[in-house]
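K.L.:
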């Protein structure tokens, strides 16, 4: 409000909800009110680098097949100082969403496969710039995705659009001990959302057309396994608490949602491998600006 009133620029508009409608509904309302060519959702405690919008707008202007521009984020504390917090008990986080070494266009099949079976290459809205017409065409946010509405939107974008990656830190994610994300790592996530958004993507005809029919069953199995691996977030939270209830509820979700017996057999081996990788991480050259 202070910015909008202070600059007296008609391009700056301020809206206030009469009542608290919640974070997801508030984000969705902001998307629906946006009138520009591109959309940037900046979380209120995150920061953008001075050249962030310039870089990301340029990328989408120069690559008409790209619907999303993404870049790694640094993590900062309450005093804007860069930090490297420990996630998942073992892993020290230097950047978030460091996808590759070097800038480049990532085709939609590649990025969709990443979302489905490997890792989430981007989710936090502050690090992303969306093509507004694409967001409007896709129908904005899906509240059924719960905490993963941003991830669901990215996966829907990948059904029709390529992504452009800048290997440069263009934003800062403020990580505080009492922030929403940290709290979820303590109390647990509604992990059934992972299975929901994954099955939604796999049922989309645009997704299925990307992959040969002979790969569909293997893709489904690997995608469900990836969701099951994400459920280990709650297992770790249960161990830290400790909370037998959270552990039991998470195991029930895995049993109910993952339809492949082999996935449950290989899960502990995958977990052991992740611990090893976290203890002895591969050394990447730093991202620009990092």
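Numbering (the working numbering), first residue to last: 2 to 291. Glycine included, C-beta positions come from ideal geometry on N, C-alpha and C.
Leaving out the 5 sequence neighbours to the left and right, which residues in its chain are closer than 7 Å to residue 254 when beta-carbon positions are compared?
P.N.:
192, 193 and 232
K.L.:
Of all the options 78, 140, 19 and 129, which has the alpha carbon lying nearest to the alpha carbon of residue 99?
P.N.:
For residue 99, the closest of 78, 140, 19 and 129 by C-alpha to C-alpha distance is 129.
K.L.:
On the three-pair Cβ rule with 8 Å, is the stretch 163 to 178 touching the stretch 136 to 153?
P.N.:
no
K.L.:
Check residue 31 in the structure and name its three-state DSSP category.
P.N.:
helix
K.L.:
For a test of the three-state rule: what should DSSP assign to residue 67, helix, strand or coil?
P.N.:
Residue state, collapsed to three classes: strand.
K.L.:
At the level of alpha carbons, what is the spacing between residue 149 and residue 76?
P.N.:
20 Å
K.L.:
Can residue 155 and residue 123 be called in contact, C-beta distance under 9 Å?
P.N.:
yes
K.L.:
State whether the stretch 194 to 206 contacts the stretch 112 to 122, with contact taken as three or more CB pairs (one from each stretch) at a distance under 8 Å.
P.N.:
yes
K.L.:
Please list the terminal residues of the continuous alpha helix (DSSP H) segment that includes residue 225.
P.N.:
217 to 231
K.L.:
Over the uninterrupted beta strand (DSSP E) stretch that includes residue 130, give me the two end residues.
P.N.:
Segment 129 to 132, the beta strand (DSSP E) holding residue 130.
K.L.:
Expressed to the nearest angstrom, what Euclidean distance is found between the alpha-carbon atoms of residue 271 and residue 21?
P.N.:
A direct Cα-to-Cα measurement between residue 271 and residue 21 gives close to 42 Å.
K.L.:
Select from 9, 252, 185 and 30 the residue whose C-alpha is nearest the C-alpha of residue 19.
P.N.:
30
K.L.:
Take residue 41 and list the residues in its own chain whose beta-carbon comes closer than 6 Å to its own, dropping the five residues that flank it on each side.
P.N.:
130
K.L.:
What does the Cβ neighbour count give for residue 1, buried or exposed, with the cut at 16 atoms within 10 Å?
P.N.:
Not covered by the structure: residue 1. The range shown for the chain is 2 to 291.
K.L.:
Going by beta carbon distance, what residues of the same chain come within less than 6 Å of residue 245, once the five residues before and after it are set aside?
P.N.:
none
K.L.:
How many angstroms separate the CA atom of residue 176 from the CA atom of residue 262?
P.N.:
37 Å
K.L.:
Under the assumption that residue 103 contacts residue 168 (Cβ atoms under 8 Å), give the Cβ distance between them as a whole number of angstroms.
P.N.:
So it is a contact: roughly 5 Å between Cβ atoms.
K.L.:
Would DSSP call residue 19 helix, strand or coil?
P.N.:
Here residue 19 sits in coil by DSSP.
K.L.:
Could you name the residues of the same chain whose beta carbon sits closer than 6 Å to that of residue 188, not counting the 5 residues immediately before and after it, in chain order?
P.N.:
none
K.L.:
To the nearest angstrom, report how far apart residue 290 and residue 59 are at their CA atoms.
P.N.:
18 Å
K.L.:
Taking the straight line between their C-alpha atoms, what separation do you get for residue 223 and residue 216?
P.N.:
11 Å
K.L.:
Among the candidates 145, 218 and 195, whose CA atom is the shortest distance from the CA of residue 251?
P.N.:
Closest by alpha carbon: 195.
K.L.:
Quick one: what's got a C-beta closer than 7 Å to residue 293's C-beta in the same chain, skipping five residues either side?
P.N.:
Summary: the structure shown does not reach residue 293, with the chain confined to residues 2 through 291, and so no result is reported for it.
K.L.:
Specify the secondary structure class of residue 61 as computed by DSSP and reduced to three states.
P.N.:
helix
K.L.:
Would you list the residues sitting across from residue 166 in a DSSP beta bridge?
P.N.:
According to DSSP, residue 166 bridges with 71 and 105.
K.L.:
Could you spell out the range, first to last residue, of the beta strand (DSSP E) harbouring residue 175?
P.N.:
Its beta strand (DSSP E) spans residues 172 to 175.
K.L.:
Put residue 100 into one of helix, strand or coil per three-state DSSP.
P.N.:
coil
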